[in-house]
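Below is one structure, written out as structure tokens, with a few remarks after it.
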DNA sequence: GTTAAGATGTTTACGTTGCTTACATTAGGC
DNA sequence: GCCTAATGTAAGCAACGTAAACATCTTAAC
């Protein structure tokens with residue numbers, strides 16, 4: 001930082017690229033994330049990033065990977081080890097708020113086809129998946145029938161809430177309101193069953 | 208098709224553009240959808256589409272708008288007027304299958320920031336939103352407390368299932384399996400409450 | 001220390017894209 | 001038949017992703 005850095009080599013261009021990419025993403029949305037812009041921000045020639053990333057998609061996947069890790073941290077910060085539905089709800093709120101605070105990042109993480117050939121990205125995504133599954137199972141230990149299905153359902157619920165909020169389909173102007181809506185939605189779904197009667201016919205017809 | 212079409216004007220370039228765009232989207236994904244490619248497919252000069260669409264985003268929004276309408280048709284086809292949870296589940300399956308059959312279209316509809324200045328798109332999206340809200344309310348008439356929250360929750364659940372399946376986060380290889388997973392997830396969520404106990408602390412802390 | 005090898009950036013260049021501006025062609029009302 | 005508006009074309013700009021050839025730095029063997 002202090003020295004004028006009259007050196008030819010950058011030092012850690014690989015990391016600088018994802019940092020620059022992340023900044024561009026948050027400043028100007030997904031359209032602002034171009035390899036050339038990344039190179040400019042890293043004060044490096046347009047072709048330099050290709051030494052570290054095979055193509056644009058590879059860089060995007062690297063960004064998505066750190067996004068998954070930061071999301072995981074964020075969820076853990078909301079509650080270290082939730083074991084009740086209400087603790088789980090706090091994690092859900094954190095999930096949605098992450099999406100709203102970093103919309104472009106969230107969209108690159110989930111809004112485009114995942115490059116399955118990128119091991120780092122796949123691993124980071126799988127880690128989030130596993131983490132969600134764990135805490136749901138801990139929060140609903142009595143789900144005798146199909147714990148996996150329940151975990152899927154809850155994740156989908158929260159994930160869907162995040163996307164719908166992101167698209168402005170539900171208009172919740174401020175973070176507190178969003179939090180209220182999320183809890184209200186979860187609450188509503190959890191109470192609907194008992195009052196609305198158990199759906200008896202909800203069985204597979206495809207076996 | 209028969210006549211060599213030696214005419215200068217196209218006839219209905221506006222409609223031809225969205226048709227071509229839709230084809231490109233389904234053939235080659237979102238990256239294949241360029242204005243030039245659309246023009247090529249419509250056998251027209253690269254600048255011609257600009258007579259009908261201000262910019263690329265406008266065309267994309269038009270495509271998204273017909274996507275919303277086709278989704279609505281698809282949901283209605285699954286069940287014309289669902290009024291029970293199990294009928295609603297069939298609509299949910301149709302929603303997810305639409306996403307899986309036309310992934311690129313679904314992603315342009317929901318995976319990128321919605322252009323709020325495009326009235327047609329906004330209206331079509333709002334229509335879907337309203338439709339979903341209606342059928343959920345009809346299927347759960349006893350949701351005394353917050354019918355709106357319940358509708359939001361169910362939509363989010365299905366929407367999330369669609370996206371997670373789309374990203375391969377849940378691996379369901381064939382449409383029948385997807386259908387089973389969707390019903391299982393809904394089923395699991397609806398039964399979890401009664402067995403897992405009512406979450407007493409699920410109240411807003413932000414008032 | 002010298003030097004050869006490998007890693008890392010630069011330069012230059014090509015083809016494609018979104019978009020603008022100026023121009024050409026057509027259709028329909030008078 | 002002519003004028004006007006609607007519609008498509010031609011040409012061109014800046015930015016993009018990417019590749020190849022070249023320059024520079026780092027490292028380690030000698």
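Protein chains in written order, with the numbering used here: chain A, 1 to 207; chain B, 208 to 414. Built from N, CA and C at the ideal position, the CB exists for glycine as well.
- Along the segment 371 to 385 of chain B, going in chain order, the ones with a CB nearer than 7 Å to a CB of chain A are 371, 374, 375, 376, 377, 383.
- Contacts between residue 314 of chain B and chain A, judged by CB atoms closer than 9 Å, involve 111, 112, 113 in chain order.
- Non-local C-beta neighbours of residue 118 of chain A in its own chain, meaning closer than 6 Å and more than five positions away in sequence, comprise 61, ordered along the chain.
- For residue 17 of chain A, the closest alpha carbon among the candidates A:30, A:28, A:56 is that of A:56.
- Non-local C-beta neighbours of residue 251 of chain B in its own chain, meaning closer than 7 Å and more than five positions away in sequence, comprise 217, 220, ordered along the chain.
- At a beta-carbon threshold of 7 Å, the residues of chain A lying near residue 391 of chain B are 146, 149, ordered along the chain.
- DSSP, reduced to helix, strand and coil, places residue 52 of chain A outside both helices and strands of the structure shown, so it counts as coil.
- Non-local beta-carbon contacts of residue 164 of chain A in its own chain, meaning distances under 7 Å to residues more than five positions away in sequence, involve 170 in chain order.
- Residue environment for residue 73 of chain A: exposed (fewer than 16 other C-beta atoms within 10 angstroms of its C-beta).
- The beta-carbon distance between residue 266 of chain B and residue 228 of chain B, rounded to whole angstroms, is 6 Å. This is short enough to meet the 8 Å contact definition.
- Residue range 220 to 235 is occupied by the alpha helix (DSSP H) that includes residue 226 of chain B.
- Looking only at A:87, A:96, A:107, A:92, the smallest Cα-Cα distance to residue 25 of chain A is reached by A:107.
- Burial is judged here by how many other beta carbons sit within 10 angstroms of a residue's own beta carbon; residue 356 of chain B has at least 16 and is buried.
- Comparing C-alpha distances from residue 295 of chain B to each of B:362, B:367, B:311 shows the shortest one belongs to B:362.
- The contact set of residue 135 of chain A on chain B, defined by CB atoms closer than 8 Å, is empty, because the minimum CB distance reaches about 14 Å.
- Spanning the alpha carbons of residue 373 of chain B and residue 113 of chain A requires a straight line of approximately 8 Å.
- Within the segment 55 to 69 of chain A, contact with chain B at the beta-carbon level (separation under 8 Å) is assigned to no residue.
- The Cβ of residue 301 of chain B sits no closer than 8 Å to any Cβ of chain A.
- At a Cβ-Cβ threshold of 8 Å, residue 54 of chain A and residue 395 of chain B do not count as neighbours.
- DSSP, reduced to helix, strand and coil, places residue 45 of chain A outside both helices and strands of the structure shown, so it counts as coil.
- By alpha-carbon distance to residue 287 of chain B, the top candidate from B:342, B:316, B:273 is B:342.
- One thing to note: residue 353 of chain B has its Cβ within 8 Å of the Cβ of residue 184 of chain A.
- Looking at A:115, A:40, A:129, the one whose alpha-carbon comes closest to that of residue 95 of chain A is A:129.
- The straight-line gap separating the alpha-carbon atoms of residue 162 of chain A and residue 97 of chain A is approximately 8 Å.
- Not flagged as an interface residue toward chain B: residue 97 of chain A, since no C-beta distance is shorter than 8 Å.
- Cβ neighbours of residue 69 of chain A within its own chain (closer than 8 Å, five residues either side excluded): 124, 127.
- None of the residues of the segment 40 to 51 of chain A has a beta carbon lying less than 8 Å from any beta carbon of chain B.
- The alpha-carbon of residue 177 of chain A is positioned some 25 Å away from that of residue 109 of chain A.
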